[in-house]
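The next block holds one structure in the form of structure tokens; read it before the comments.
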């Protein structure tokens with residue numbers, strides 16, 4: 007059970023697909039500066055990164071997470087075009103079956119239950135059956151991480167206790183709202199999203215959907231910060247990394263790791279000197295290929 011304290015610190019780790027690698031760079035910068043959470047909230051890919059961190063919040067373990075990320079490709083997760091085409095023709099509920107993601111999570115998670123983690127973890131999903139937000143904090147860990155990561159239409163819903171669950175990013179894109187609800191007084195938001203003006207019209211369905219979700223997510227995050235920023239200390243870490251690729255493009259992992267680390271080091275060191283936080287610059291709009 008969580009014991010409320012006025013100074014409780016949370017890490018809220020957002021969705022973002024392949025851009026979740028930027029969160030790992032930020033985690034490294036935080037841990038190097040002895041900044042650790044009392045609890046973690048993870049959404050979508052942030053649920054996976056959060057589960058890894060919550061098992062062992064130390065520098066060597068974060069470095070191992072960097073190596074895991076460097077091994078991930080679309081094929082690792084069975085995200086290949088012919089599967090999507092086949093499932094569309096067959097009118098399946100999702101483009102991909104989710105087997106690759108399930109195997110990846112099962113292979114790399116170090117414990118089976120929330121209760122076995124060193125730091126309390128909360129993963130956010132949407133309960134389609136009840137029409138509500140679902141926050142998982144106890145019981146089997148793997149299904150909860152998968153439920154939080156089940157992007158609607160991309161991966162199939164995950165059944166937990168007889169109910170369908172999908173990615174929680176549409177109700178709480180960064181986990182910030184949930185961290186506040188759980189009583190955090192200081193929240194480091196590890197945001198791998200983007201927002202920005204498009205240089206040209208988008209030309210593919212995937213690009214349009216991805217960009218739409220990102221605009222909605224950043225709008226929701228800004229609203230929460232505006233509403234709650236005076237009562238809760240919110241450190242919003244969103245690197246200006248450009249994010250030139252789609253959220254399922256894993257070819258820029260090293261770039262994301264480096265930019266997440268560089269950006270977080272700059273912001274955190276500025277805070278240590280007790281200077282005002284610099285205003286976040288608009289992130290460059292994505293360019294899809």
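Numbering (the numbering used here), first residue to last: 7 to 295.
Glycine included, C-beta positions come from ideal geometry on N, C-alpha and C.
Note that the structure is predicted; figures quoted are calculated from it, not measured.
**Report entry** Completely contained beta strand (DSSP E) runs for the segment 163–204, where each covers 3 or more residues
**Finding:** 164–166, 169–173, 192–196
Query raised in the report: According to DSSP, is residue 149 helix, strand or coil?
Result: helix
Query raised in the report: Does the segment 56–66 come within contact of the segment 136–145, defined as at least 3 CB pairs closer than 8 Å?
Result: no
**Report entry** Boundaries of the alpha helix (DSSP H) in which residue 243 is found, first to last residue
**Finding:** Residue 243 -> not in any alpha helix (DSSP H); beta strand (DSSP E) instead, spanning 239–243.
Report task. Give the range of the beta strand (DSSP E) segment to which residue 128 is assigned. Result -> 127–133
Requested in this report: Compute the beta-carbon to beta-carbon distance between residue 46 and residue 16, rounded to the nearest angstrom, for a pair I have assumed lies under 8 Å.
Outcome: 7 Å
Requested in this report: Please state if the CB of residue 191 and the CB of residue 14 are separated by a distance shorter than 8 Å.
Outcome: yes
Query raised in the report: residue 95: buried (16+ other C-beta within 10 angstroms of its C-beta) or exposed?
Result: exposed
**Report entry** Pairwise C-alpha distance: residue 243 and residue 273
**Finding:** 8 Å
Query raised in the report: To which residues of the same chain is residue 198 closer than 6 Å at the C-beta, ignoring the five residues directly before and after it?
Result: 20, 22, 25, 26, 28, 29
**Report entry** Same chain, Cβ closer than 7 Å to residue 108, five either side skipped, listed in chain order
**Finding:** 152
Query raised in the report: Pick from 175, 196, 171: whose alpha carbon is nearest that of residue 271?
Result: 196
Requested in this report: Would you kindly report the start and end of the unbroken beta strand (DSSP E) that includes residue 98?
Outcome: Segment: none, residue 98 is in no beta strand (DSSP E) and carries neither H nor E.
Requested in this report: Compute the distance between the beta-carbons of residue 31 and residue 265, then report whether it is under 8 Å.
Outcome: yes
Query raised in the report: Tell me which same chain residues have a C-beta within less than 8 Å of the C-beta of residue 124, skipping the five on either side of it?
Result: 60, 61, 62, 63
Report task. Rank 176, 112, 219, 162 by C-alpha distance to the C-alpha of residue 4 and give the top, closest one. Result -> Past the edges of the chain, shown from 7 to 295, lies residue 4, and the structure says nothing about it.
**Report entry** Buried or exposed (CB count within 10 angstroms, at least 16 for buried), residue 218
**Finding:** exposed
Requested in this report: In the DSSP assignment, find the alpha helix (DSSP H) that holds residue 69 and state where it starts and stops.
Outcome: 65–76
Requested in this report: Identify whether residue 18 lies in helix, strand or coil by the three-state DSSP scheme.
Outcome: strand
Report task. Grab the span of the beta strand (DSSP E) containing residue 142 for me, first residue to last. Result -> 138–142
Report task. Using beta-carbon positions only, say whether residue 169 and residue 133 come within less than 8 Å of one another. Result -> yes
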